[in-house]
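Trainee: Let me begin by handing over the structure; questions about it come next.
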Amino acid sequence: MSQYDRTNHAAALRYSQDSPHSAPVVVASGSGYAAQKIIDIAQENGVPVYHDDSLASLLSQLEAGTEVPPALYQAIVDIYLYFLNYSFDASGKGTAPSQNSPVPAPEKSTEKQIFSEL
């Protein structure tokens with residue numbers, strides 16, 4: 000067993016072109032139990048979930064209502080592009096893009112890369 004506990008992190012984002020915000024906004028964030036609840040609620044409601052431990056760790060530190068900082072824009076854009084290839088059934092449940100998807104899955108961000116941009 001590792002000497003370090005691995006804590007889950009999660010954040011839910013919202014972006015709308017009609018919003019007064021110029022960037023995506025954190026609508027929920029947390030670690031541990033709160034992170035698991037965010038993921039569970041998303042999955043129960045057919046909201047796609049993307050796994051990136053480093054990015055989730057950073058976003059989970061932001062309070063609800065906070066705009067995503069400019070240093071993270073590219074990572075968020077990559078995720079949104081990934082989700083553009085999701086297909087949704089009549090119930091609204093999402094299905095991940097196939098391996099032959101024309102838009103590649105975003106590269107995983109590392110904390111070192113993100114912190115160096117801050």
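With numbering that gives the first Met the number 0 applied, the sequence shown closes on residue 117, and no number is skipped along the way. Cβ coordinates follow ideal geometry from the N, Cα and C atoms, glycine included.
(1) Please list, in chain order, all residues of the same chain as Pro-23 whose beta carbon is under 6 angstroms from its beta carbon, the five residues on each side excluded.
(2) Can you grab the Cα-Cα spacing for the pair Pro-103 / Ile-78, in whole Å?
(3) Using CA coordinates, which residue listed in His-8, Phe-82, Asn-7, Thr-6 is at the minimum distance from Val-46?
(4) Glu-66 bridges to which residues according to DSSP?
(5) Grouping DSSP H, G and I as helix and E and B as strand, with all else coil, what is Ser-59?
(6) Would you check if the distance between the CB atom of Val-25 and the CB atom of Ala-9 is smaller than 8 angstroms?
(7) CB-CB under 7 angstroms to Tyr-32, same chain, minus the five flanking residues each way: which ones, in chain order?
(8) According to DSSP, is Ser-53 part of a helix, a strand, or is it coil?
(9) Would you report the Cα separation of Glu-116 and Asn-7, rounded to the nearest angstrom?
(10) Using a threshold of 8 angstroms, state whether the C-beta atoms of Leu-80 and Leu-71 are closer than that.
(11) With a Cβ-Cβ cutoff of 8 angstroms, do Ala-41 and Ser-59 count as a contact?
(12) Tell me which residues share the same chain as Ala-63 and place their Cβ nearer than 7 angstroms to its Cβ, disregarding the 5 neighbours each side in the sequence.
Mentor: Reading from the atomic positions:
(1) Excluding sequence neighbours, Pro-23 sits near Leu-12, Tyr-14, Val-67, Ile-75.
(2) Summary for Pro-103: the model assigns pLDDT 49, below 50, so the residue's position carries little reliability, and this model does not support an answer.
(3) Closest option to Val-46, Cα to Cα, is Phe-82.
(4) Note: Glu-66 sits in a beta bridge opposite Val-24.
(5) Per DSSP, reduced to three states, the secondary structure at Ser-59 is coil, with no helix or strand assignment.
(6) No, the pair does not count as a contact, with Cβ atoms beyond the cut-off.
(7) Excluding positions up to five away in sequence, the list is empty.
(8) Ser-53: helix per DSSP, three-state reduction.
(9) Any reading at Glu-116 needs caution, since the residue's pLDDT is 40, under 50, leaving its predicted position unreliable; the model's value is listed next. Roughly 24 angstroms separates the two Cα atoms.
(10) For the 8 angstroms CB-CB criterion, Leu-80 and Leu-71 do not form a contact.
(11) The criterion of a C-beta distance shorter than 8 angstroms is not satisfied by Ala-41 and Ser-59.
(12) Correct list, in chain order: Val-25, Val-26, Ala-27, Ser-28.
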